[in-house]
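Reading the sequence shown from the start, the letters are residues 1 to 156 in UniProt numbering.
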Amino acid sequence: MKGSSEGPVMAWPESHISREREREGASSSAAGVDTQRLKRRSSPSIAINTNGTISPPAHKLGGKDGLSYAEILRSRNKFSDALTLYESILEVDPRSVEARVGKGICLQMQGFSRQAFESFSGALTLDPKNACALTHCGILYREEGHLLEAAEVCLN
1 MKGSSEGPVM AWPESHISRE REREGASSSA AGVDTQRLKR RSSPSIAINT
51 NGTISPPAHK LGGKDGLSYA EILRSRNKFS DALTLYESIL EVDPRSVEAR
101 VGKGICLQMQ GFSRQAFESF SGALTLDPKN ACALTHCGIL YREEGHLLEA
151 AEVCLN
């Protein structure tokens, strides 16, 4: 300990500082090697985003995998990315109720009420008793001030 007019001050011994720097240098160079190994092992079907997350290319996902990935994106509030994926799924399978509902939710969360309603309506055309589509239609009606229509949707 070193003394001063304000009281004792703790100081880290110089020998410990040198050893810490040596360890940090070794671990950072080892981390560089591990990063290089990971880059070589990376699958060509996986993209590394600028924020460091790993995502498969949207155009290669379809069916249940595409829906699952879109739901993950949506749950992480990445609505525009999820919307793009839902739309690509609907290009391949326009009768996908799940993709229509997911697309509607993404549109609704971004404030596109009219387009969201159209997407939910499309899902209800294919599956008139779809609880999720009915619920979101009711929410949209309520948000727009159409309480009578909201009640009718909920009673169906």
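Just so you know, even glycine gets a beta-carbon here, dropped at the ideal spot from N, CA and C.
Predicted model only: the values in this text are computed from it and were never measured.
Quiz prompt | Same chain, Cβ closer than 6 Å to Glu-149, five either side skipped, listed in chain order | solution = These residues qualify, in order along the chain: Tyr-141.
Exercise. Report yes if the CB atom of Ala-99 is closer than 9 Å to the CB atom of Gln-108, and no otherwise.
Key: Taking 9 Å as the cut-off, the Cβ atoms of Ala-99 and Gln-108 do not count as close.
Quiz item: In its own chain, which residues sit with a C-beta less than 6 Å from the C-beta of Ala-133, not counting the 5 before and 5 after it?
Solution: Excluding five sequence positions before and after Ala-133, the CB atoms of its chain that fall closer than 6 Å to its own CB belong to Val-101, Phe-120, Ala-123, Leu-124, given in chain order.
Quiz prompt | Close-in-space but distant-in-sequence residues of the same chain around Ile-139 (CB under 7 Å, 5 per side omitted) | solution = Excluding sequence neighbours, Ile-139 sits near nothing in its chain.
Quiz item: Can you tell which of Arg-114, Ile-72, Gly-63 has the C-alpha that lies nearest to the C-alpha of Ser-96?
Solution: Sorting Arg-114, Ile-72, Gly-63 by C-alpha distance to the C-alpha of Ser-96 places Gly-63 at the top.
Quiz item: When DSSP labels each residue in this structure, what does His-146 get in the three-state scheme?
Solution: It is coil, neither helix nor strand.
Quiz item: Below 9 Å between beta carbons: does that hold for Ala-82 and Leu-90?
Solution: Cβ atoms of Ala-82 and Leu-90: not closer than 9 Å.
Quiz item: Are the beta-carbon atoms of Ser-88 and Gly-66 separated by less than 9 Å?
Solution: In this structure, Gly-66 lies closer than 9 Å to Ser-88 by Cβ.
Exercise. Hey, could you find the ends of the alpha helix (DSSP H) Asp-81 is sitting in?
Key: Per DSSP, the unbroken alpha helix (DSSP H) holding Asp-81 starts and ends at 79–92.
Exercise. Classify Asp-65 as helix, strand or coil using the three-state DSSP reduction.
Key: It is helical.
Quiz prompt | Same chain only: Cβ atoms within 7 Å of Arg-23, ignoring 5 sequence neighbours per side | solution = Any reading at Arg-23 must be qualified, since the residue scores a pLDDT of 47, below 50, and its modelled position is unreliable; no value is offered.
Quiz item: Of all the options Ser-75, Glu-143, Glu-152, Ser-68, which has the alpha carbon lying nearest to the alpha carbon of Gly-111?
Solution: In this structure, Glu-143 is the residue among Ser-75, Glu-143, Glu-152, Ser-68 with its C-alpha nearest to the C-alpha of Gly-111.
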